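Encoded as structure tokens, the structure appears first; notes follow it.
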Amino acid sequence: MKLLALRRSLLLRTPLAARKQLVVRAFSGNWEYPKVEGSVADVTKALTTIGARLSISTAPLYFTPLKVDFIVREMKGVDELLKVQKALLLCDAKMAYPSDFAAGSFFSACLKLDAAHVALEFLRQAENVRHYVKNQSFVRLAEHFASQDDQEAVEELVQIMQSKRVPMTYKMATFRILNAKKRGAWEEAVALAKEAANDVQINSHLIIQLLLDDNGDVCKEHIPLARYLADKGDVYVNARLANILAGGDGKLVEARVEEPEESPEETIAKDKGAANK
């Protein structure tokens, strides 16, 4: 009791910042530990058993980037993938968000192991994905399902993004528009393109892709739509789109840019080297 009273007295006399540092140093799971020991199974078990008992304020001290990156980087096979999924769901619930590397690598592993359903189930359960899952991961997953003709999964991904307030960037807008066009859903593609233009998530390349038919020729009847999208989306009109809007076929030969034999930096470095000899 005397020791506890003495420790409490010392803490009360210590400045607030120093007190916080003492608490962090006393926590066995903090970031100061230089390495992670054990297998993926060992670390995921520790994360899910100990981490489940931690509060939101202390969880980030235990779910360190070092540990989470380790399990994502070292996992092998679907069994370990499922263990990592469970750990990442706990990270999400405790607001100890994984790094960009960990989140992106998890989705890549799901696709590589032909386990896209694991990624989709993660997105269904995780509530805070807007903070750490990039649009590119959603796009790659959507492209996979589209290649499998699973449009229901594609639509579910879009609904997940909307319900969990994940910002819709140019990459996802492009996928949705071209996916609708590929399926022959022209009216849907146009509606999505207008929505993208309204959100300034459209560019010349996407407008051109929308105008081309299956043979790569411009559909002249859609040129008024192209003008509308370019104006509404405040699009920088490149040379090819300008040619199309002027009534051309858009089949411009791009000027070839000759690469210099060496960069200015390399030339300077060589000159310095010669001067020092």
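The sequence shown begins at 1 in the UniProt record's numbering and counts up by one. For each residue, glycine too, the CB sits at the ideal point set by N, CA and C. Quick caveat: nothing in here was measured; it's all calculated off a predicted structure.
Residues near V237 by beta carbon distance below 8 Å, same chain, minus five either side: Here residue 237 refers to the residue found at position 237 of the sequence shown. The residues are S204, A230, L245.
Cβ pair L157, F122 closer than 8 Å: Position 157 of the sequence shown, counted from the start, is the residue given in the question as residue 157. Position 122 of the sequence shown, counted from the start, is the residue given in the question as residue 122. No.
Expected contact under 8 Å - CB spacing of I50 and Y62 to nearest Å: If you number the sequence shown from 1, residue 50 lands on position 50. If you number the sequence shown from 1, residue 62 lands on position 62. So it is a contact: roughly 6 Å between Cβ atoms.
Whether G250 touches I208 by CB criterion (8 Å): Here residue 250 is taken as the residue at index 250 of the sequence shown, counted from 1. Here residue 208 is taken as the residue at index 208 of the sequence shown, counted from 1. In contact: G250 and I208 (Cβ atoms closer than 8 Å).
Sub-8 Å separation of M168 and Q201 beta-carbons: Position 168 of the sequence shown, counted from the first residue, corresponds to residue 168. Position 201 of the sequence shown, counted from the first residue, corresponds to residue 201. Yes, these two residues count as a Cβ contact at 8 Å.
Supposed contact pair N128 and M161 - C-beta distance, whole angstroms, cut 8 Å: Start at 1 with the first residue of the sequence shown, and residue 161 comes out as number 161. Start at 1 with the first residue of the sequence shown, and residue 128 comes out as number 128. So it is not a contact: roughly 13 Å between Cβ atoms.
Buried versus exposed, by CB contacts within 10 Å (16 or more), Q148: Counted from its first residue, the sequence shown places residue 148 at position 148. Exposed.
G233 burial status per 10 Å Cβ neighbour count (16 or more: buried): Position 233 of the sequence shown, counting from 1, holds the residue named residue 233. It is buried - the Cβ of G233 has at least 16 other Cβ atoms within 10 Å.
Reference V116; option with closest CA among F138, S57, A226, V235: Position 116 of the sequence shown holds residue 116. The sequence given here has Ala at residue 116, not Val. Ranking F138, S57, A226, V235 by Cα distance to A116 puts F138 first.
Beta-carbon contacts of K83 that lie in its chain and below 6 Å, excluding the five residues immediately before and after: Translated into the one-based positions of the sequence shown, residue 83 becomes position 83. Correct list, in chain order: T44.
Distance between A52 and F27 (C-alpha atoms, nearest Å): Taking the sequence shown and counting its residues from 1, one reaches residue 27 at position 27. Taking the sequence shown and counting its residues from 1, one reaches residue 52 at position 52. Interpretation of F27 is limited by its pLDDT of 45, a score under 50 that renders its predicted location unreliable; the figure taken from the coordinates is listed afterwards. The straight-line gap from Cα to Cα measures roughly 16 Å.
Delimiting residues of the alpha helix (DSSP H) encompassing E195: The residue given as residue 195 occupies position 195 in the sequence shown. Its alpha helix (DSSP H) spans residues 186-198.
Exposure of L252, with buried meaning 16 or more beta-carbon neighbours within 10 Å: As a working mapping, residue 252 is identified with position 252 in the sequence shown. Under this definition L252 is an exposed residue.
Alpha carbon of F145 to alpha carbon of M172, nearest angstrom: For the purposes of this step, residue 145 is taken as residue 145 along the sequence shown, with counting starting at 1. For the purposes of this step, residue 172 is taken as residue 172 along the sequence shown, with counting starting at 1. Going from the Cα of F145 to the Cα of M172 covers about 14 Å.
Residue 281 in three-state terms, based on DSSP: The structure shown has nothing for residue 281, since the chain only spans 1 to 277.
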